[in-house]
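Have a look at the structure below before the remarks.
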Amino acid sequence: MRIVIAEDDPLLREGLALLLRAESLDVVATAAGPDGFLEAVDAHDPDVAIVDVRMPPTHTDEGIVAAVEARRRRPGLAVLVLSAYVEQAFATELLAHGSSRLGYLLKERVGRVEEFLTALHRVAAGGTAIDPDVVAQLLARTRPDSGLDRLSPRERDVLALMAEGLGNTAIADRLFVTDGAVHKHIRSIFAKLDLAPTDQADRRVTAVLRYLEDVQRR
147 MRIVIAEDDP LLREGLALLL RAESLDVVAT AAGPDGFLEA VDAHDPDVAI
197 VDVRMPPTHT DEGIVAAVEA RRRRPGLAVL VLSAYVEQAF ATELLAHGSS
247 RLGYLLKERV GRVEEFLTAL HRVAAGGTAI DPDVVAQLLA RTRPDSGLDR
297 LSPRERDVLA LMAEGLGNTA IADRLFVTDG AVHKHIRSIF AKLDLAPTDQ
347 ADRRVTAVLR YLEDVQRR
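Going by our numbering, the sequence shown wraps up at 364, each residue one higher than the last.
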């Protein structure tokens, strides 16, 4: 297995290379940035590329852009992307180009050597290895949009107490705020849930029903 590593942190980059070479894997090149990575892919025609999401110069999405470009240049290239934390938008962007021979792992998994190597071999063999935390967020993204994700933590507290059947004064007492503050939060809840005043529906009841449905789904 011929491997190219693209990682701007020299300690992690060299640590990965040493780890893989100790497993008798052939690390043919390492790079600290996207340009060097793509040059290495062109020069060495690796089987697998291990790529950091954030690389110079802006440390935003250079790794994802380079990974997509590398797969365009080398359609059979397996890519294992490493990220310091779940970056859902980047994972979605990468998966949009096909999930075969693709992995997306949090960097903390690298410390679990057997788990990391299993993912690497799975990707190299044509499979997919997606971090469980990334999967959880991608699945959450597919839930119907009830609007509740737009609420602030305090607004969710108010809505939860509404669901318990409390009136505004009781909610104010429970949260140690004024009645006026509760009224303000409720108006904001209605606005964020797109509940306009109508004769056909009680906005308070509708908001509570959405909250209870969301709790049940979770």
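Beta carbons are placed, not taken as given, at the ideal position from N, Cα and C, and that holds for glycine.
Arg302 to Asp340 span [Cα, whole Å]: Here the question's residue 302 lines up with position 156 in the sequence shown. Here the question's residue 340 lines up with position 194 in the sequence shown. Taking the straight line from one Cα to the other gives about 15 Å.
If you draw a straight line from the alpha carbon of Pro278 to that of Leu252, how long is it in whole angstroms? Here residue 278 is taken as the residue at index 132 of the sequence shown, counted from 1. Here residue 252 is taken as the residue at index 106 of the sequence shown, counted from 1. For Pro278 and Leu252, the distance between alpha carbons rounds to 9 Å.
Alpha-carbon spacing of Leu228 relative to Leu165, whole angstroms: Within the sequence shown, residue 228 is the residue found at index 82, counting from 1. Within the sequence shown, residue 165 is the residue found at index 19, counting from 1. Taking the straight line joining both Cα atoms gives about 15 Å.
State buried or exposed for Phe322, treating a residue as buried only when at least 16 other CB atoms are found within 10 Å of its CB. Translated into the one-based positions of the sequence shown, residue 322 becomes position 176. When all chains shown are included, Phe322 counts as exposed.
To the nearest angstrom, report how far apart Arg258 and Ala265 are at their CA atoms. Position 112 of the sequence shown, counting from 1, holds the residue named residue 258. Position 119 of the sequence shown, counting from 1, holds the residue named residue 265. Going from the Cα of Arg258 to the Cα of Ala265 covers about 11 Å.
Excluding the 5 residues preceding and the 5 following Ala318 in the sequence, name in chain order all residues of the same chain whose CB lies nearer than 8 Å to its CB. Position 172 of the sequence shown, counted from the start, is the residue given in the question as residue 318. Hits under 8 Å: Thr324, Asp325, Ala327, Val328.
Start and end residues, beta strand (DSSP E) containing Asp198: Indexing the sequence shown from 1 puts residue 198 at position 52. Here the beta strand (DSSP E) through Asp198 covers 194 to 198.
Name the DSSP beta bridge partners of Asp172, please? Locating residue 172 in the sequence shown gives position 26, where the first residue counts as 1. DSSP, once it has assigned bridges, lists Arg148 as partnering Asp172.
How is Tyr250 classed by DSSP in three states: helix, strand or coil? Taking the sequence shown and counting its residues from 1, one reaches residue 250 at position 104. Strand at Tyr250.
Should Leu223 be labelled buried (16 or more other beta-carbon atoms within 10 Å of its own) or exposed? Counting from one through the sequence shown, the residue named residue 223 turns up at place 77. Label assigned to Leu223: buried.
Near Arg148, which residues of its chain fall below 6 Å by C-beta distance, leaving aside the five closest residues on each side in sequence? Along the sequence shown, one-based indexing puts residue 148 at 2. Asp172, Val174, Pro192, Asp193.
Thinking Leu305 and Ala353 are a contact (beta carbons under 8 Å), I'd like their distance in whole angstroms, please. By one-based count along the sequence shown, residue 305 stands at place 159. By one-based count along the sequence shown, residue 353 stands at place 207. About 6 Å separates the two Cβ atoms, so the contact holds.
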